[in-house]
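>
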Amino acid sequence: MAAARHIFLVFCLTLLLGSLVVSAHEPPRPRGFETRLVTDQNDDCGGHGETGCNGSHDLLALSLREAWLPEAEEHALVFAPWMTPGQPGTTLEERIIMDGPDGEIVIIVTTDDGETFTAEPSLRLEGPYPLFLGDERDGDRFGLDITVARNTLGLETGDTLSGFRVEAFVGDEPGDVMPGTYVLPDGGMAEKGKSEKARSAETVRPDYTLQGPTGYARLAPAETAVKVTVGTTTTVGVTVENRLRDMEQEIGIVVEAPSGVTATINGNTSYTATFAPQEERSGLLDMTGDTTGAGGTLTLRLTTGLGGLEEATVDVTVEPATRDDASEADGQEAPTVTVLIVVATLLSGTSMARRRPR
0 MAAARHIFLV FCLTLLLGSL VVSAHEPPRP RGFETRLVTD QNDDCGGHGE TGCNGSHDLL
60 ALSLREAWLP EAEEHALVFA PWMTPGQPGT TLEERIIMDG PDGEIVIIVT TDDGETFTAE
120 PSLRLEGPYP LFLGDERDGD RFGLDITVAR NTLGLETGDT LSGFRVEAFV GDEPGDVMPG
180 TYVLPDGGMA EKGKSEKARS AETVRPDYTL QGPTGYARLA PAETAVKVTV GTTTTVGVTV
240 ENRLRDMEQE IGIVVEAPSG VTATINGNTS YTATFAPQEE RSGLLDMTGD TTGAGGTLTL
300 RLTTGLGGLE EATVDVTVEP ATRDDASEAD GQEAPTVTVL IVVATLLSGT SMARRRPR
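Numbering (numbering that gives the first Met the number 0), first residue to last: 0 to 357.
(1) Let's see if you can read the secondary structure: which residues bound the beta strand (DSSP E) around glutamate 172?
(2) Looking at the strands, I want to know which residues DSSP matches up with phenylalanine 131.
(3) Please report whether the beta-carbon of glycine 306 lies at a distance below 7 Å from any beta-carbon of chain B.
(4) I need the straight-line Cα distance from threonine 213 to valine 253, nearest angstrom please.
(5) Three-state secondary structure (DSSP) at threonine 151?
(6) What would DSSP say about asparagine 265, mapped onto helix, strand or coil?
(7) Could you tell me whether the segment 75 to 87 touches the segment 141 to 158, using the rule of 3 or more Cβ pairs below 8 Å?
(8) Looking only at its chain, what residues have a beta carbon closer than 6 Å to the beta carbon of glutamate 119, apart from the 5 residues adjacent to it on each side?
(9) Using a 10 Å radius around the Cβ and a threshold of 16 neighbouring Cβ atoms, would you call threonine 90 buried or exposed?
(10) Assess contact between the segment 240 to 254 and the segment 221 to 230, defined as three or more Cβ pairs (one per stretch) separated by less than 8 Å. Is contact present?
(11) In the DSSP assignment, what residue or residues form a beta bridge with aspartate 144?
(12) Aspartate 171: which of Ala71, Cys52, Gln277, Ser121 sits nearest, CA to CA?
(13) Check whether the Cβ atoms of leucine 284 and isoleucine 264 lie closer than 7 Å to each other.
(14) Quick check on the DSSP output: the beta strand (DSSP E) that includes aspartate 206 runs from which residue to which?
(15) Among the residues of its own chain, which have a CB less than 6 Å from the CB of proline 109, if the five just before and after it don't count?
(16) Which class does glycine 31 belong to by DSSP, given the choice of helix, strand or coil?
(17) Is glycine 54 helix, strand or coil when you go by DSSP?
(18) DSSP on valine 203, reduced to helix/strand/coil?
(19) Which residue from Arg136, Ala311, Asp134 puts its Cα closest to that of alanine 256?
(20) With distance defined between alpha-carbon atoms, name the residue in Leu68, Ser55, Asp206, Val182 nearest to glycine 304.
(21) I need the straight-line Cα distance from glycine 230 to arginine 280, nearest angstrom please.
(22) From the DSSP output, which residues share a beta bridge with proline 220?
(23) Once you ignore the five residues that flank glycine 126 on each side, which residues in its own chain have a CB closer than 8 Å to its CB?
(24) Grab me the residues of glycine 259's own chain with a C-beta within less than 6 Å of its C-beta, minus the 5 sequence neighbours each way, in chain order.
(25) Measuring CA to CA, which of Thr234, Phe168, Val239 is closest to leucine 301?
(26) Under a three-way DSSP split, which group does alanine 167 fall into?
(27) Give me, in chain order, the residues of the same chain whose beta-carbon lies closer than 6 Å to that of threonine 208; leave out the 5 immediate sequence neighbours on both sides.
(28) Check this for me: beta carbons of valine 165 and leucine 61, under 7 Å apart or not?
(29) Do proline 178 and threonine 202 have their CB atoms nearer than 7 Å?
(30) I need the straight-line Cα distance from alanine 386 to cysteine 44, nearest angstrom please.
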């Protein structure tokens with residue numbers, strides 16, 4: 000009986016130690032809409048900076064996503080540093096550093112109480128928010144979302160960022176470093192008991208090329224060029240999909256029709272909606288020719304609540320009406336029509352077909 004109890008205790012201790020190792024060494028996976036840049040697989044600082052890092056935050060990971068800001072009509076970068084709290088009652092700072100086309104870029108994050116954070120430069124800062132491993136909260140680890148206008152950093156689509164790193168400070172004293180170890184009180188760097196291969200794995204992405212805020216959703220009209228007859232309506236199918244595997248999204252579309260053309264989707268002018276993860280819907284884009292000889296490029300602009308942006312175009316040509324209705328339709332002028340469409344259940348739920356992943 001004693002032997003069995005001993006074996007059981009050893010088994011429980013093994014499970015406990017294993018769970019502690021996972022909790023201590025592995026930050027949660029990045030969210031489905033962001034790219035992990037660097038990580039730190041070790042809890043260098045011993046929890047709240049008490050045994051190392053001079054009391055700084057214990058750095059865990061840095062991720063990045065690109066976003067479109069409709070209110071500002073500009074592109075943005077959203078940096079997500081994840082960390083463990085440092086010693087309370089001190090001014091803590093993180094420097095998010097990277098190399099851009101024109102030199103080094105630095106974003107400085109500061110807190111005096113561990114609850115309210117500021118970042119410079121930034122448009123806004125969200126957090127701190129808790130981190131989770133599965134459905135369980137990952138201790139007191141937390142994250143921040145720091146939104147920076149892309150043009151503020153002097154960047155544009157096609158530019159490449161590299162050399163991602165984060166340095167933590169307590170006042171002017173250096174602390175944890177990611178990727179890497181941490182700074183000792185004497186100014187030296189702590190040894191890290193990891194292989195060179197394991198250390199190099201902490202740089203998940205050595206570089207990142209800006210692509211714009213794509214990948215959140217898919218927008219696909221069935222035709223890219225159509226001919227419509229003045230006074231009549233031509234219909235084209237449109238497919239919309241939430242491409243995120245683990246998050247729902249609100250999706251909206253704006254239709255910008257050329258002069259002489261009126262456009263709607265399923266006869267509606269506005270909707271509200273949320274798409275489930277990987278949910279796909281198909282609808283109908285109706286285009287009516289108002290003026291003979293009019294036409295041009297019709298633009299579909301899709302935006303998501305998380306900052307996604309997609310555009311698709313349809314070339315529209317308005318042809319003369321038939322002899323029977325030419326006299327009625329000819330010569331009418333229609334101004335440029337802009338219809339706001341937020342893709343939803345489409346009111347009745349029957350005007351757009353849905354397909355969920357199996």
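All residues carry an ideal CB built from backbone N, CA and C; glycine is no exception.
In short, the structure shows the following:
(1) Note, glutamate 172: beta strand (DSSP E), 172 to 177.
(2) Arg136.
(3) Judged by its chain identifiers, the structure shown contains no chain B, having just a single protein chain.
(4) So the alpha carbons of these two residues sit roughly 16 Å apart.
(5) Correct three-state label for threonine 151: helix.
(6) Coil.
(7) Short answer: they touch.
(8) Cβ within range, chain order: Ile107.
(9) With fewer than 16 neighbouring CB atoms inside 10 Å of its own CB, threonine 90 falls in the exposed class.
(10) Taking 8 Å as the limit for Cβ pairs, the verdict is that the segment 221 to 230 does not touch the segment 240 to 254.
(11) Partner(s): Glu125.
(12) Closest by alpha carbon: Cys52.
(13) Judged by their CB atoms, leucine 284 and isoleucine 264 are nearer to each other than the 7 Å cut-off.
(14) Element bounds for aspartate 206: 206 to 208.
(15) Note on identity: in this sequence residue 109 is threonine, with proline being the wrong assignment. Sequence-distant Cβ neighbours of threonine 109 in its own chain, meaning closer than 6 Å and more than five residues away, are Glu92, Thr117.
(16) Glycine 31: coil per DSSP, three-state reduction.
(17) Under the three-state reduction of DSSP output, glycine 54 falls in the helix class.
(18) DSSP places valine 203 in the coil class of the three-state scheme, outside both helix and strand.
(19) Closest option to alanine 256, judged by alpha-carbon separation, among Arg136, Ala311, Asp134: Ala311.
(20) Residue Leu68 is the option with its Cα nearest to glycine 304.
(21) Distance between the alpha carbons of glycine 230 and arginine 280: 29 Å.
(22) Answer is Val237, bridged to proline 220.
(23) Excluding positions up to five away in sequence, the list reads Phe116, Phe141, Gly142, Leu143, Asp144.
(24) If the five residues before and after glycine 259 are omitted, its C-beta is found closer than 6 Å to the C-beta atoms of Asp289, Thr290, Ala293, Val317, Ala333, all from its own chain and listed in chain order.
(25) Selected option, being the one with the closest Cα: Val239.
(26) Strand, per DSSP.
(27) Contacts found: Thr159.
(28) Leucine 61 sits close to valine 165, with the two beta carbons spaced by under 7 Å.
(29) With contacts defined as CB atoms closer than 7 Å, proline 178 and threonine 202 qualify as a contacting pair.
(30) In this structure the chain extends from 0 to 357, so residue 386 is not present and cannot be described.
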